[in-house]
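Since the structure comes first, as structure tokens, the remarks are kept for the end.
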Amino acid sequence: MNVIHATAIIDPSARIGANVSIGPYSVIGAHVEIGEGTWVGPHVVINGPTIIGKFNKIFQFASVGEECQDLKYKGEPTRLVIGDHNVIREFTTLQRGTIQDEEETRIGSHCLFMAYSHVAHDCVIGDHVILANSAQVAGHCEVGDYAILGGNTGVHQFCQIGPHAFVGAGSMVLKDIPAYVTVQGYPAAPHGMNFEGLKRRGFSKDALRALRKAYKVVYREGKTVKEAIAELTDVQPVLPELAVFIDSIERSQRGIAR
Numbered sequence: 008m009n010v011i012h013a014t015a016i017i018d019p020s021a022r023i024g025a026n027v028s029i030g031p032y033s034v035i036g037a038h039v040e041i042g043e044g045t046w047v048g049p050h051v052v053i054n055g056p057t058i059i060g061k062f063n064k065i066f067q068f069a070s071v072g073e074e075c076q077d078l079k080y081k082g083e084p085t086r087l088v089i090g091d092h093n094v095i096r097e098f099t100t101l102q103r104g105t106i107q108d109e110e111e112t113r114i115g116s117h118c119l120f121m122a123y124s125h126v127a128h129d130c131v132i133g134d135h136v137i138l139a140n141s142a143q144v145a146g147h148c149e150v151g152d153y154a155i156l157g158g159n160t161g162v163h164q165f166c167q168i169g170p171h172a173f174v175g176a177g178s179m180v181l182k183d184i185p186a187y188v189t190v191q192g193y194p195a196a197p198h199g200m201n202f203e204g205l206k207r208r209g210f211s212k213d214a215l216r217a218l219r220k221a222y223k224v225v226y227r228e229g230k231t232v233k234e235a236i237a238e239l240t241d242v243q244p245v246l247p248e249l250a251v252f253i254d255s256i257e258r259s260q261r262g263i264a265r
């Protein structure tokens, strides 16, 4: 059974799933889909085209699915797609894509967007990602599964942040961050790997050992990126966890933080 406050404004074209709650003075615009069990607090604005999955929580004053701030955007019908079980806190802004990319901003599942965080147009955010208060991600960025962005982090457009990476509070990310790597500062520079987080997520001792060695090869031995990758792939078989690290470096378009 849906619980929709009498002061909420819902466009006739919006599709509202079962057991959805929409609070006072919230506005649900045209071409919005809200999945089962989602809770929308008071004073939330959701514009479309936007698809929101199941069991999300969207707190007051969040702006979801609004037109992007890219000056090239001229009202084209792009969209925002959000997965399941996300928490979107106060004053968070999640914006739709542009036709300059894939016309879509994508948010995974089980993410936490703390107050005042921002995800710009055409970004791809993985699962279990955390953006702490006032973390800001510019357009066309990718953030991998389980990555954490500390408070007041800024991410330059087109950057890639690999799975399980950790960005310390107040950092400015100007280059790509490989999987598992911890960075801090302006510009963000590497400070080891996020081993504490990897242990909590059940990474094996063999995987952690291989990643420690791989980090030294890339960051401590004075090799070029090409030389480091050649050494890491020379030993067979490559563990799946190490393959993720290698792939995140090989996919880099802006160069990795070193």
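Each residue of the sequence shown is one higher than the one before, starting from 8 at the first, in the working numbering.
Ideal placement from N, C-alpha and C gives every residue a C-beta, glycine not left out.
Taking DSSP's pairing of strands, which residues face residue 125 in a bridge?
Against the sequence shown, residue 125 aligns to sequence position 118. Looking at the DSSP assignment, residue 125 forms a beta bridge with 100 and 143.
Determine the direct distance from the alpha carbon of residue 127 to that of residue 148, and round the result to whole angstroms.
Taking the first residue of the sequence shown as position 1, residue 148 is located at position 141. Taking the first residue of the sequence shown as position 1, residue 127 is located at position 120. Each residue's alpha carbon lies about 8 Å from the other.
Does the Cβ of residue 185 have 16 or more other Cβ atoms within 10 Å, making it buried, or fewer, making it exposed?
Taking the sequence shown and counting its residues from 1, one reaches residue 185 at position 178. Per the 10 Å Cβ criterion, buried.
Could you tell me which of 263, 86 and 162 sits nearest to residue 233, measuring between CA atoms?
Within the sequence shown, the letter at position 226 stands for residue 233. The residue with the shortest Cα to Cα distance from residue 233 is 263.
Please return the same chain residues whose Cβ sits closer than 6 Å to the Cβ of residue 37, not counting the five positions on each side in sequence.
Locating residue 37 in the sequence shown gives position 30, where the first residue counts as 1. Counting only Cβ-Cβ distances below 6 Å, and skipping sequence neighbours, we find 18, 20 and 55.
Could you tell me which of 45, 110, 51 and 15 sits nearest to residue 79, measuring between CA atoms?
Reading the sequence shown from its first residue, position 72 is the one you call residue 79. Here the closest residue by C-alpha is 110.
What whole-angstrom Cβ distance do residue 7 and residue 189 have, given they're in contact under 8 Å?
Since the first residue of the chain shown is 8 and the last is 265, residue 7 is not available in this structure.
In the structure shown, what three-state DSSP assignment does residue 106 receive?
Position 99 of the sequence shown, counting from 1, holds the residue named residue 106. Residue state, collapsed to three classes: coil.
In chain order, what residues of the same chain lie with their CB nearer than 6 Å to the CB of residue 100, ignoring the 5 residues before and after it?
In the sequence shown, residue 100 corresponds to position 93, counting from 1. Cβ neighbours of residue 100 beyond the five flanking positions: 70 and 125.
So the beta strand (DSSP E) residue 58 belongs to, where does it begin and stop?
Translated into the one-based positions of the sequence shown, residue 58 becomes position 51. From DSSP, the beta strand (DSSP E) with residue 58 extends over 57-59.
Residue 171 and residue 145: beta carbons closer than 8 Å?
Translated into positions along the sequence shown, residue 171 becomes position 164. Translated into positions along the sequence shown, residue 145 becomes position 138. No, the Cβ-Cβ distance between residue 171 and residue 145 is not below 8 Å.
Starting from residue 203, follow the alpha helix (DSSP H) in both directions and report where the run begins and ends.
Residue 203 sits at position 196 when you count from the first residue of the sequence shown. From DSSP, the alpha helix (DSSP H) with residue 203 extends over 202-207.
What is the residue span of the alpha helix (DSSP H) that residue 227 lies within?
What you label residue 227 is simply residue 220 of the sequence shown in a count that begins at 1. Run containing residue 227: none; DSSP gives neither H nor E here.
Do you know offhand how far residue 227's Cα is from residue 139's?
Translated into positions along the sequence shown, residue 227 becomes position 220. Translated into positions along the sequence shown, residue 139 becomes position 132. Going from the Cα of residue 227 to the Cα of residue 139 covers about 30 Å.
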